[in-house]
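Q: Got a structure for you, written out below as structure tokens; questions coming shortly.
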Amino acid sequence: MRSFLQEKFGFPDFRGGQERVLTALGQNDVLAVMPTGSGKSMCYVLPALITSRTLVVSPLIALMQDQVESLTAAGVPAAFINSTLSREEQNKNYLDFIYGRVNLLYVAPERFTNQMFVDGLRKAGIRLLAIDEAHCMSQWGHDFRPDYLRLGAIRERLGSPRTLALTATADPQVQADITRNLGLTDTATTVVTSVDRPNLQFRVVTIAWADEGVEWLRNYLRGKQGTTGIVYARTRQSVDDMVNVLADAGLSVAGYHAGMLSEERASVQRLFMRDEISIVVATNAFGMGVDKPDVRFVVHMNMPGRIEAYYQEAGRAGRDGEPAQCVLLFHPDDESSQQWFIDRAHPSDETVRSIWFQMISGTDAATNLGNVAGQDGYASAFNALRNSGLIGENRALVSQNPAAAIDTESIRAHQRHAEERLMRMVGYAKSFECRRKLILNYFGEEAPERCGACDNCLKSPAAATTSASPRPMGSPSGSLQRPLQGVPSSPGGLSEKELYALLAQWRLDRARTDGVAAYAVCSPKALREIAFIQPQDSDTLAGIWGFGVARVDRYGADILAIVNARRQ
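Residues in the sequence shown are numbered consecutively from 1075, following my numbering.
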């Protein structure tokens, strides 16, 4: 696997945690809890190159396409099946996977409602089942999705293949839910790596009113011209309003929220991934699936309800290991606003009974969520009905009794859990302690008293004399990436900057021509190294970080032509 990592992907060695997961996966099922940007996907891509027929379950349509494009550029046969494809394309990808012509197939969990689809996979033989965003199957996680609860039964129907469950954030309670729901309790090895992202710089800005936050953002973004970032806002209306303000200020910006048509949302994400827009203003609908490595800042205009959600969204920044800023704007009303969301997500006993009435009367409450309990409230009610034995596999109703006993204690317990998490989030926003220390302690890790890089550490009188020196801003803690041999984090010489600009424009043009994300062509880090080293032949280019054999074959001639033209 190490040779595949080097030859196909141009990476010199495993990052922290990857080797532990791969070693354990050779013997057992594995639950891997690894932070965003730590290379979780390589933990199933590398085995797929050896075993083939690796099925990846992901809830994220856009991410499927981006990952397949990136893998294809690296010479890895991969495909996906989702609603964006025609029936003919879906059938082709399915058969290519069944007959071993592609190594990996990405699917969404709802695809398993098709019994023939599942039977075909079982007959072909799944060598590895990888479940991404595995925290979605836990009601204690921050993005619970009822569709994920089926995956344990689906795994059995597939013949209980070797299974890898992956998530960026999961406390022990969520980890227990994942292994229990997948039926891995007695077989799984759990690998938990540090959640620390030393390249992320944390800051909280307290504001008195919303307009102050907008003005702060406008001033902040003036200093971020030419860089890529994400701005999170609470409501769809605030997203639209902020896009108008920033566009009027001459910024390259687009909005993203659940009120937009799916085609519009997909278009915005693709433009962002291809570097055709610099800033996306979004609700938390633009969360999982943003796999762009060179996001330099993430700004939250409102406080999320829990540190897990904040850390995952903020963690969209700096996935390339380079320094990135994570800023939270905090208003005292944020706490009461989040409490309203918690109340809405945990329906009363009367509301749960109303949902049950609609179900047994043949009216699916899920089609009328706005008048019943909202999406999150419906998920909580559904889980309570399932735990009460009233709903079986594939949403089948076990009873038709309108007076059936419904145990709602799980809803009340979850509400108490959410309120405690909210208090921890508020504590983070108001604290004068080291931000990184608060985050790491929240996830059960020890940390120095001061990181020397967050806002509290930088403005503290002790910052200059603290013995806890910050770790270098680079790759995630424990990674084993090759140093770039003196390559600067930004182009240095006049000649070097010009070459980098030419290479960046070529990358953008090639991405548009191929219809792929810019990072699928190559990373900005690789472009900086090319501009610095200025390779003269394919062998030297193959030594560039991230340039495996397939990428050299596909793009090498263009890159060398640009480099050599600049030298003449």
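Where is the CB? At the ideal position from N, CA and C, for every residue including glycine. In this text, all values refer to a predicted model and were calculated from it rather than measured experimentally.
Which same chain residues end up closer than 6 Å to Gly1466 when comparing Cβ atoms and leaving out the 5 residues on each side of it in sequence?
A: If you number the sequence shown from 1, residue 1466 lands on position 392. Hits under 6 Å: Val1472.
Q: If you measure between the beta carbons of Gln1412 and Met1375, is that distance less than 8 Å?
A: Here residue 1412 is taken as the residue at index 338 of the sequence shown, counted from 1. Here residue 1375 is taken as the residue at index 301 of the sequence shown, counted from 1. The answer is no: Cβ separation not under 8 Å.
Q: Pick out the complete beta strand (DSSP E) segments inside the stretch 1375–1451, 3 residues or longer, and give them in chain order.
A: 1398–1404
Q: Can you find the residues in the same chain that come closer than 8 Å, C-beta to C-beta, to Ser1549, ignoring five residues on each side of it along the sequence?
A: Numbered from 1 along the sequence shown, position 475 holds the residue referred to as residue 1549. Low confidence applies here, because Ser1549 scores a pLDDT of 35, under 50, leaving its location unreliable and the question unanswered by this model.
Q: Determine whether the beta carbon atoms of Cys1528 and Phe1276 lie at a separation below 8 Å.
A: Counting from one through the sequence shown, the residue named residue 1528 turns up at place 454. Counting from one through the sequence shown, the residue named residue 1276 turns up at place 202. The answer is yes: Cβ separation under 8 Å.
Q: So, under 8 Å CB-CB, Glu1207 and Pro1133 are touching, yes? Tell me the CB distance rounded to an integer number of Å.
A: Here residue 1207 refers to the residue found at position 133 of the sequence shown. Here residue 1133 refers to the residue found at position 59 of the sequence shown. That pair is a contact at about 6 Å.
Q: Span of the beta strand (DSSP E) holding Tyr1180?
A: As a position in the sequence shown, residue 1180 is number 106, starting the count at 1. For Tyr1180, the uninterrupted beta strand (DSSP E) run begins and ends at 1178–1181, by DSSP.
Q: I need the DSSP call for Asp1270, collapsed to helix, strand or coil.
A: Taking the sequence shown and counting its residues from 1, the one referred to as residue 1270 is at position 196. Of the three classes helix, strand and coil, the one that applies to Asp1270 here is coil, per DSSP.
Q: Which word fits Lys1082, buried or exposed, when buried means at least 16 other C-beta atoms lie within 10 angstroms of its C-beta?
A: Looking up residue 1082 in the sequence shown gives position 8. It counts as buried.
Q: By DSSP, does Tyr1168 sit in helix, in strand, or in coil?
A: Start at 1 with the first residue of the sequence shown, and residue 1168 comes out as number 94. Looking at Tyr1168 - three-state DSSP - the assignment turns out to be helix.
Q: Can you tell me the Cα-Cα spacing of Asp1646 and Pro1183, whole angstroms?
A: The structure shown has nothing for residue 1646, since the chain only spans 1075 to 1642.
Q: Which residue spans inside the stretch 1237–1291 form an unbroken alpha helix (DSSP H) run of at least 4?
A: 1246–1255
Q: Kindly identify the DSSP beta-bridge partner or partners of Thr1128.
A: As a position in the sequence shown, residue 1128 is number 54, starting the count at 1. Paired residues: Leu1178, Leu1202.
Q: Distance check for Arg1524 and Ser1543, CA to CA, integer angstroms please.
A: Position 469 of the sequence shown, counted from the first residue, corresponds to residue 1543. Position 450 of the sequence shown, counted from the first residue, corresponds to residue 1524. Because the pLDDT at Ser1543 is just 38, under 50, the model does not fix this residue reliably, and the point stays unresolved.
Q: Could you give the uninterrupted runs of the beta strand (DSSP E) lying entirely in the stretch 1077–1126, keeping only those of 3 residues or more?
A: Counting only runs of 3+ residues, the beta strand (DSSP E) found wholly inside the stretch 1077–1126 occupies 1103–1107, in chain order.
Q: What residue does the alpha helix (DSSP H) around Tyr1593 start on, and which one ends it?
A: By 1-based counting over the sequence shown, the position of residue 1593 is 519. 1592–1595 is the extent of the alpha helix (DSSP H) around Tyr1593.
Q: Distance, Cα to Cα, Pro1557 vs Leu1232?
A: Stepping through the sequence shown from its first residue, residue 1557 is reached at position 483. Stepping through the sequence shown from its first residue, residue 1232 is reached at position 158. Its pLDDT being 37, under 50, Pro1557 is placed unreliably by the model, and nothing is read from it.
Q: Per DSSP, what are the beta-bridge partners of Phe1606 in this structure?
A: On the sequence shown, position 532 is the one that residue 1606 refers to. As DSSP reads the structure, Phe1606 sits in no beta bridge.
Q: Under 8 Å, with one C-beta from each stretch per pair, do the stretch 1352–1359 and the stretch 1595–1612 reach the 3-pair mark?
A: The stretch 1352–1359 is not in contact with the stretch 1595–1612.
Q: In the DSSP assignment, the alpha helix (DSSP H) including Tyr1629 goes from what residue to what residue?
A: Walking along the sequence shown from the start, residue 1629 turns up at place 555. It spans 1623–1641 - the alpha helix (DSSP H) in which Tyr1629 sits, taken as one unbroken run.
Q: Given a threshold of 16 other Cβ atoms within 10 Å of its Cβ, counted over all protein chains shown, does Gly1444 qualify as buried or as exposed?
A: The residue given as residue 1444 occupies position 370 in the sequence shown. Interpretation of Gly1444 is limited by its pLDDT of 45, a score under 50 that renders its predicted location unreliable; the figure taken from the coordinates is listed afterwards. Label assigned to Gly1444: exposed.
Q: DSSP puts Leu1471 in a beta bridge; with which residues?
A: In the sequence shown, the residue the question calls residue 1471 occupies position 397. Paired residues: Ile1465.
Q: Where do the N-terminal and C-terminal ends of the alpha helix (DSSP H) with Tyr1574 fall, by residue?
A: Taking the first residue of the sequence shown as 1, we reach residue 1574 at position 500. Counting along the chain, the alpha helix (DSSP H) containing Tyr1574 begins and ends at 1568–1588.
Q: On the criterion of 16 or more Cβ atoms from any shown chain inside 10 Å, does Gln1399 qualify as buried, or is it exposed?
A: Looking up residue 1399 in the sequence shown gives position 325. Buried, by the Cβ-count rule.
Q: Kindly indicate the opening and closing residues of the beta strand (DSSP E) around Val1656.
A: Coverage of the chain is limited to positions 1075 through 1642, which leaves residue 1656 absent and any answer about it impossible.
Q: Which residue comes first and which comes last in the beta strand (DSSP E) that contains Thr1302?
A: Sequence index remark: in the sequence shown, residue 1302 carries index 228 (1-based). Taken as a continuous stretch (DSSP letters only), the beta strand (DSSP E) holding Thr1302 covers 1302–1306.
Q: Between the alpha carbons of Leu1159 and Leu1203, how many angstroms are there, rounded?
A: As a working mapping, residue 1159 is identified with position 85 in the sequence shown. As a working mapping, residue 1203 is identified with position 129 in the sequence shown. Rounded to the nearest angstrom, the two C-alpha atoms are 22 Å apart.
Q: I need the straight-line Cα distance from Asp1627 to Met1116, nearest angstrom please.
A: Working through the sequence shown from its first residue, we reach residue 1627 at position 553. Working through the sequence shown from its first residue, we reach residue 1116 at position 42. In a straight line, the C-alpha of Asp1627 is about 21 Å away from that of Met1116.
Q: With a cut-off of 8 Å, do at least 3 Cβ pairs link the stretch 1100–1113 to the stretch 1288–1298?
A: Not touching, per the Cβ criterion.
Q: Closer than 7 Å: is that where the CB of Ile1353 sits relative to any heavy atom of the ligand ADP?
A: Among the ligands in the structure shown, none appear at all, so the ligand ADP cannot be discussed.
Q: Closest by CA to Asn1530, which one among Ile1513, Ala1487, Cys1508?
A: Translated into positions along the sequence shown, residue 1530 becomes position 456. Asn1530 has its Cα closest to that of Cys1508, out of Ile1513, Ala1487, Cys1508.
Q: Skipping 5 residues on each side, what residues in its chain have a beta carbon closer than 7 Å to that of Thr1264?
A: To locate residue 1264, count along the sequence shown from 1; it is residue 190. Correct list, in chain order: Leu1105, Gln1249.
Q: Terminal residues of the continuous beta strand (DSSP E) containing Val1364?
A: Start at 1 with the first residue of the sequence shown, and residue 1364 comes out as number 290. Segment: none, Val1364 is in no beta strand (DSSP E) and carries neither H nor E.
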